[in-house]
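Colleague:
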Amino acid sequence: ETNKPFGKEIVLEGFPTGVCKRSGKKAWLHDTNSEAAGTVRVERVGDMPAFNQDVVGKTMRVTGTLQELRLDAAYFDSWEARVKASMKAKTTDEGEKEEGCTEQCSENVAAETTLKNIAAYRKKLAKAPKGYLSAFWVDGKKWELVAAKVDQ
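The numbering of the sequence shown is this note's numbering, which starts it at 98 and goes up by one.
1) Which of helix, strand or coil does DSSP assign to Thr-211?
2) Taking the beta strand (DSSP E) that Lys-238 belongs to, which residues open and close that run?
3) Alpha carbon to alpha carbon, what distance is there between Glu-177 and Ala-225?
4) Can you give the beta carbon distance from Trp-234 to Arg-158, rounded, assuming they're within the 8 Å contact cut?
5) Considering Asp-128, what are the terminal residues of the beta strand (DSSP E) in which it resides?
6) So Arg-138 and Lys-155 are in contact, right, with Cβ under 8 Å, and what is the actual spacing, rounded?
7) Give me the Cα-Cα distance between Lys-194 and Gly-135, rounded to the nearest whole angstrom.
8) Classify Gly-161: buried if its beta carbon has 16 or more other beta carbons within 10 angstroms, exposed otherwise.
9) Straight-line CA distance for Gly-143 to Asp-236?
10) What residues are listed by DSSP as bridge partners for Val-139?
11) Assuming Gln-164 contacts Phe-112 under a Cβ cut-off of 8 Å, what Cβ separation, rounded to an integer in Å, is found between them?
Right, here's the structure in full:
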């Protein structure tokens, strides 16, 4: 696996399909190559300027480091344990439940949804030939808008 690009600096071009509206620290970049399918998340790191909503749909060049997180059984076990512990702590702290949906009720609904998502990931993991799933993103160091390439 020494020829893998993870942890190495890369330059990619694409068009942002979305930007985090709250902070501008994330953008989802779709490859300008129409043969390639998929979108990669770019995370703002260091002193790179935040993304703004104006960049959506324009062509952008990003320089950054390609990262991979391997999601294996231990990862999902740890995540599930944290969610269950937070649910248990909230239930024992609250005591009697009030009528209607309280803040704790909303948090438990979110936790139950997270547990369902973990179960779905575990099904995907069971079919993964390498024994793990991969999450990819780019830690962006700089970005710039560039002229769109025209197919000839």
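Every residue gets a Cβ at the ideal spot worked out from N, C-alpha and C, and that includes glycine.
Modeller: Let me spell this out:
1) helix
2) First-last of the beta strand (DSSP E) with Lys-238: 230-242.
3) 19 Å
4) About 17 Å separates the beta carbon of Trp-234 from that of Arg-158, a gap too long to meet the 8 Å contact definition.
5) 123-128
6) Going by Cβ atoms, the distance from Arg-138 to Lys-155 rounds to 18 Å, so no, they are not a contact pair.
7) Reliability fails at Lys-194, whose pLDDT of 48 lies under 50, so the model's placement of it is uncertain and the value that follows must be treated cautiously. So the alpha carbons of these two residues sit roughly 45 Å apart.
8) buried
9) 9 Å
10) Ala-124, Val-235
11) The Cβ separation is near 21 Å, so there is no contact.
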